[in-house]
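Engineer:
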Amino acid sequence: MYDSVIEKLKENRFTSLLGSAATVLLVILCLMISTSNVYFYLSQTNFLHDYGIFWSSGWAMRMGLDPYGFYPMMTNYRHEGFIVDNINLNPPPALLFSWIISGIQPWLGRYLWNAIDTLFIVATVSVLWSRYRAHMTPLKVLILVTSPMIYLSIGLTQIYGLIALLCTLTWLSLIDGRVGRAGLLLGLVITIKPLLLVWPALLFFAGYRRPALVAGGVFITANLATVLILGPEIYYRWFEVAGNQGIRILIPTNLSLSMPLAHFGVLPLATILAAVILPSLAFWAWRTRPGHEALASVAFIAAFLCSPISWLYYLIFALPVFFWLRWTPMMTIAILIFAIPPKIIASAIFGEINLPYIFGYTYQIGFFLLIIDLVRRLIIPQIKPTESILATT
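Here the sequence shown is numbered in numbering that gives the first Met the number 0, starting from 0 and rising by one per residue.
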């Protein structure tokens, strides 16, 4: 009996060491992938990535030109013989950001905004870690912060860190009952990223009228001010470019319904499905009046699913969801799929490997798994919410 106990202890020790070694290797792999990708983008000195798009829009405004036109500092996307210009698709109120940064030397402004956006992301993760650290392990946090949703925002010099922080502060303000502040923050979110209008809409139908109305007021005020300053023509121009996505919809990092449906030649079906999904969720919100966490989680997923374009790195807006929810096996698989670098997917499809285009749906498969998991736990709860939804310590 003594020998069997010793043998069992040795076996447990070996299993523990094996698990620790696997964890260390995963940590090293995550850090290597993340830092190498950030370095890849930041070390390129021939173009400014997305910051060049924003800067050029502001420069065009200062020159009296079309802020939604294509200019030399912008890039383009090439796919199967087609070339698509990467122009500014942000809504007119967000052009204020472009106008401000265009007054700074572009290369200096790029690295300055890189630093600021990184601070926004650090603040977002820190706030969420502070709130949910009781059940969110450091390894899970590391997987999230070294995934494309983070390093692409930094590498491409996007504004997603700012939006992620605003979304997180809105989420926490709603939970803490600070509805006025939540409404103001949510108003800023939907002004910068209108695809997230689903969030205040569901809040309204669920009976959380005050934050929804405050957010709507901020949104309307910001857009009316933009009309007075820039004129209504700027909106006609924005609708024109935003509605003409072309082959950009087919890019593998697009998580929306439009991507696979466009590939199979039935893109109009995406509009029909969105017209069914969104009212159904409004009825769900009205009928069940879910908690703020569940409602916001569903709002994020619905917005990404039904928008014509929802890039992989939009998932950074939904960071509170990944911190709040318990990671089930299905959710974990989805997150690990999201952690695959886009360059690997692109190289596998369009590079020398030349794998079938089905591999282009890798992120859609991960998103589909995430949707199934959230529907099962949030929309069709099977047991008590405290047992099925919330993370356990």
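We put the CB at the ideal spot given by N, CA and C, even for glycine.
Suppose you measure from the CA of leucine 184 to the CA of proline 92; what does that come to, to the nearest Å?
Structural biologist: Roughly 15 Å separates the two Cα atoms.
Engineer: Suppose you measure from the CA of glycine 80 to the CA of serine 257; what does that come to, to the nearest Å?
Structural biologist: The predicted position of glycine 80 is uncertain, since its pLDDT is 47 and thus under 50; no value can be drawn from it.
Engineer: How is the alpha helix (DSSP H) around tyrosine 234 delimited, first residue to last?
Structural biologist: Per DSSP, tyrosine 234 belongs to the alpha helix (DSSP H) from 232-241.
Engineer: Which residue spans inside the stretch 240-307 form an unbroken beta strand (DSSP E) run of at least 3?
Structural biologist: Whole beta strand (DSSP E) segments, 3+ residues: zero.
Engineer: Apart from the five residues just before and just after leucine 249, which ones in its own chain have a Cβ nearer than 7 Å to its Cβ?
Structural biologist: So the qualifying residues of the chain are His78, Met258, Ala261 and His262.
Engineer: What three-state label does DSSP hand leucine 373 in the structure shown?
Structural biologist: Three-state DSSP puts leucine 373 in a helix.
Engineer: Please list the terminal residues of the continuous alpha helix (DSSP H) segment that includes isoleucine 115.
Structural biologist: Its alpha helix (DSSP H) spans residues 105-131.
Engineer: Any idea what DSSP makes of leucine 185, helix, strand or coil?
Structural biologist: Reduced to three states, the DSSP call for leucine 185 is helix.
Engineer: Can the beta-carbon of proline 147 be found less than 8 Å from the beta-carbon of glycine 182?
Structural biologist: No, the pair does not count as a contact, with Cβ atoms beyond the cut-off.
Engineer: Taking 8 Å as the cut-off, decide whether the C-beta atoms of tryptophan 240 and tyrosine 67 are in contact.
Structural biologist: Tryptophan is not the amino acid found at residue 240; the sequence shown has valine there. Yes.
Engineer: With the cut-off set at 8 Å, would you say phenylalanine 119 and leucine 161 are in Cβ contact?
Structural biologist: Yes. Within cutoff.
Engineer: My parser needs the alpha helix (DSSP H) runs of 4 or more residues fully inside the stretch 157-186; what are they?
Structural biologist: Taking only runs of at least 4 residues, the alpha helix (DSSP H) segments lying wholly in the stretch 157-186 are 159-174.
Engineer: Using the Cβ count rule (16 or more neighbours within 10 Å means buried), how would you classify isoleucine 394?
Structural biologist: Nothing in the structure corresponds to residue 394, since the chain is present only between 0 and 392.
Engineer: Determine the DSSP secondary structure at aspartate 49, reduced to helix, strand or coil.
Structural biologist: Note: aspartate 49 maps to helix in three-state DSSP.
Engineer: Am I right that leucine 195 and alanine 302 are in contact with their C-beta atoms under 8 Å? What's the rounded C-beta distance?
Structural biologist: The pair is a contact, with the Cβ atoms about 5 Å apart (cut-off 8 Å).
Engineer: Beta-carbon within less than 7 Å of methionine 329's beta-carbon, same chain only, minus the 5 sequence neighbours each way: which residues are those?
Structural biologist: Closer than 7 Å at the Cβ level, and outside the excluded window around methionine 329, lie Leu368, Ile371 and Asp372.
Engineer: For the putative contact between serine 309 and serine 255, defined by C-beta atoms under 8 Å, what is the C-beta separation to the nearest angstrom?
Structural biologist: Between serine 255 and serine 309 the Cβ distance is about 4 Å, and since that is below 8 Å, they are a contact.
Engineer: Just to confirm, is the Cβ distance from alanine 133 to proline 251 under 8 Å?
Structural biologist: No.
Engineer: Locate the alpha helix (DSSP H) running through glycine 216, then write down its first and last residues.
Structural biologist: Counting along the chain, the alpha helix (DSSP H) containing glycine 216 begins and ends at 208-229.
Engineer: Do serine 101 and tryptophan 58 come within 8 Å of each other at the CB atom, strictly closer than that value?
Structural biologist: Going by C-beta atoms, tryptophan 58 is nearer than 8 Å to serine 101.
Engineer: Can you find the residues in the same chain that come closer than 6 Å, C-beta to C-beta, to methionine 60, ignoring five residues on each side of it along the sequence?
Structural biologist: Closer than 6 Å at Cβ, skipping near neighbours: Pro66 and Trp98.
Engineer: Quick one: is the Cβ of leucine 268 within less than 7 Å of any heavy atom of the ligand GDP?
Structural biologist: For the ligand GDP, the structure offers nothing, since it holds no ligand at all.
Engineer: Count the other CB atoms within 10 Å of the CB of asparagine 89; is the residue buried (16 or more) or exposed (fewer)?
Structural biologist: Looking at its Cβ environment, which holds 16 or more other Cβ atoms inside 10 Å, asparagine 89 is buried.
Engineer: On the criterion of 16 or more Cβ atoms from any shown chain inside 10 Å, does glutamate 292 qualify as buried, or is it exposed?
Structural biologist: Buried, since its Cβ has 16 or more Cβ neighbours within 10 Å.
Engineer: Assign leucine 155 to one of three DSSP states: helix, strand, or coil.
Structural biologist: Note: leucine 155 maps to coil in three-state DSSP.
Engineer: Where does leucine 324 sit, in a helix, a strand or coil, going by DSSP?
Structural biologist: Three-state DSSP puts leucine 324 in a strand.
Engineer: Within its chain, find whatever has a CB closer than 8 Å to the CB of isoleucine 332; leave out the 5 residues flanking it on each side and keep chain order.
Structural biologist: Excluding sequence neighbours, isoleucine 332 sits near Gly365 and Leu368.
Engineer: Rounded to the nearest angstrom, how far is the Cβ of leucine 165 from that of valine 188, given a contact under 8 Å?
Structural biologist: At roughly 5 Å, the Cβ-Cβ gap stays under 8 Å, so leucine 165 and valine 188 are in contact.
Engineer: Just to confirm my understanding: we take alanine 221, look at its own chain, exclude 5 residues before and 5 after, and list those with CB closer than 7 Å. What are they?
Structural biologist: Taken in chain order, the residues that qualify are Pro92 and Thr190.
Engineer: List the whole-angstrom C-beta distance separating tyrosine 159 from isoleucine 300, where the pair is believed to meet the contact cut-off of C-beta under 8 Å.
Structural biologist: Contact flag wrong, Cβ pair sits at about 17 Å.
Engineer: Which whole-angstrom value describes the C-beta separation of alanine 163 and leucine 294, a residue pair presumed to lie in contact below a C-beta threshold of 8 Å?
Structural biologist: About 18 Å separates the two Cβ atoms, so there is no contact after all.
Engineer: Would you kindly check if the distance between the Cβ of leucine 47 and the Cβ of proline 137 is under 8 Å?
Structural biologist: For proline 137 and leucine 47, no; Cβs fall outside 8 Å.
Engineer: Near arginine 197, which residues of its chain fall below 6 Å by C-beta distance, leaving aside the five closest residues on each side in sequence?
Structural biologist: Note on identity: in this sequence residue 197 is valine, with arginine being the wrong assignment. Once the five neighbours on either side are set aside, the close Cβ partners of valine 197 are Ala298, Ala301 and Ala302.
Engineer: Between phenylalanine 69 and aspartate 84, how many whole angstroms is the CB-CB distance? I'm expecting something under 8 Å.
Structural biologist: Correct: roughly 4 Å between the Cβ atoms.
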